[in-house]
Amino acid sequence: MKIAAIAGSNANHSYNRMLLEFMARHFSDDDIDVIDIRQVPMFNEDYKGKIPEVVADIDRRVASADAVIIASPEYNHSITSALKSLVEWLSYEVHPLQDKPVMIIGASTHEQGSSRSQVQLRDILISPGVNAYIFQNEEFFMSDAANIIDEDGNITNEMTIHFLEKCMREFKHYAKAINRMIAEKKEADK
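Going by full-length UniProt numbering, the residue at position 44 of the sequence shown is 44; the numbering climbs one at a time, nothing skipped.
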């Protein structure tokens with residue numbers, strides 16, 4: 001399965017980017033493309049008709065994927081401004097998230113993980129212009145990430161790895177079902 005994996009932070013050190021990079025290594029049977037948003041400018045409608053190349057590249061990568069994983073950090077009980085800006089870009093003139101199966105995950109150094117940002121992101125991703133299909137079964141909130149992800153970017157807690165594997169198995173089944181439904185819908189609309 002080809003998966004676009006968006007790290008929702010523009011910080012140079014990001015546990016969420018490290019989590020996705022771990023997943024790309026650990027789930028090597030899948031093609032997980034980790035997307036770095038550090039160079040994405042803040043969304044501004046003044047760009048109408050001239051999307052920055054970095055956004056156009058992300059649009060192509062997301063559009064060509066079978067599914068999307070977004071690793072959302074939590075700042076002040078919310079998603080990051082960088083991630084919100086990216087979603088604005090991807091729902092203004094281009095719409096690669098439309099009809100895409102999306103799993104939201106997150107890592108945080110705090111005890112609640114990224115639970116509040118994930119709830120907020122779910123609402124954003126189902127809004128008009130975005131229209132993603134959000135995986136609802138398992139919720140992956142990694143708390144205490146500084147003690148679970150080592151300096152080499154590996155998850156050191158076996159229970160966390162097993163739960164992540166379970167989440168991925170279920171998400172892949174969900175993604176295949178959504179993609180099949182969308183294909184059938186497009187065929188029926190011809």
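We put the CB at the ideal spot given by N, CA and C, even for glycine.
Residues sharing a beta bridge with F140, DSSP: Residue 140 sits at position 140 when you count from the first residue of the sequence shown. Here F140 is bridged, per DSSP, to I105.
Inter-residue CB distance, P101 and N16 (contact presumed, cutoff 8 Å): Looking up residue 101 in the sequence shown gives position 101. Looking up residue 16 in the sequence shown gives position 16. Between P101 and N16 the beta-carbon gap is near 19 Å, outside 8 Å, which marks them as no contact.
Option nearest G113 by Cα separation, candidates D150, P96, Y75, Q98: Translated into positions along the sequence shown, residue 113 becomes position 113. That would be Y75, whose Cα lies nearest to the Cα of G113.
Helix or strand or just coil, what does DSSP make of A65? Translated into the one-based positions of the sequence shown, residue 65 becomes position 65. A65: coil per DSSP, three-state reduction.
Opening and closing residue of the alpha helix (DSSP H) in which D123 lies: On the sequence shown, residue 123 is found 123 positions in, with the first residue counted as 1. Unbroken alpha helix (DSSP H) run through D123: 115 to 125.
Of the choices H77, I69, D144, whose alpha-carbon is the least far from that of D30? Looking up residue 30 in the sequence shown gives position 30. Measuring from the Cα of D30, the nearest candidate turns out to be I69.
Per-residue burial, Q39 [other beta carbons within 10 Å of its own, 16 or more giving buried]: By one-based count along the sequence shown, residue 39 stands at place 39. Classification for Q39: exposed.
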